[in-house]
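A short write-up of the structure that comes next.
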Amino acid sequence: YNYWDYINAWTNVFWFQNKHHRHSWLIYFKQKVRYFFPQWFAEWWEFFGPIQNILPPDIKEGYNQFKARFEEGTNPFHPSLHFFSKFSLAWIFAWQHQFKKTSRLLPILGKQASVKWWDQFDASRDQFDASRANS
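Here the sequence shown stands for residues 15 to 149, where the numbers follow the working numbering.
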């Protein structure tokens with residue numbers, strides 16, 4: 015395998031339909047690991063990564079504090095990528111088939127992607143700590 019196969023695997027694996035016809039994935043970053051993301055990961059994050067709307071209030075408050083310390087324009091990656099990787103936060107990426115009838119002869123079959131917060135995540139163990147944000 016080569017580098018391009020690796021990049022394609024990161025994207026295509028999440029579109030896989032298993033034998034139970036489930037299309038959801040729990041995604042998280044391992045704890046106590048310092049990540050160095052390749053440039054292509056910024057685009058991956060924009061599509062498969064979580065959005066602020068799914069964050070519970072206490073996590074959103076921590077994210078806002080973290081983001082305030084993050085210097086815009088100094089890093090090609092969204093602050094949420096650094097926040098989720100630093101605090102090992104989890105989210106669920108899911109997709110479903112979408113069927114649309116059109117005025118044309120053939121209907122359209124597509125995929126509708128969504129993200130949601132993992133409800134079983136214990137936010138109390140990873141609450142925002144200002145000293146950790148600077149490390």
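The C-beta atom is built at its ideal place from N, Cα and C for all residues, glycine as well.
In this text, all values refer to a predicted model and were calculated from it rather than measured experimentally.
Review point. Starting from lysine 125 and walking both ways along the alpha helix (DSSP H), at which residues does that stretch end?
Key: Unbroken run through lysine 125 is the beta strand (DSSP E), 122-131; no alpha helix (DSSP H).
Point to revise | Whole-Å CB distance - tryptophan 105 paired with tryptophan 132, under 8 Å assumed | key: 6 Å
Practice item. Using a threshold of 8 Å, state whether the C-beta atoms of alanine 127 and phenylalanine 107 are closer than that. Key: yes
Check your understanding: If you pair each beta-carbon of the stretch 84-94 with each one of the stretch 108-123, do three or more pairs fall below 8 Å?
Key -> no
Review point. Is it the case that the Cβ atoms of glutamine 45 and histidine 37 are separated by a distance below 8 Å?
Key: no
**Study point:** Any 3 or more C-beta pairs closer than 8 Å across the stretch 45-63 and the stretch 19-35
**Key:** yes
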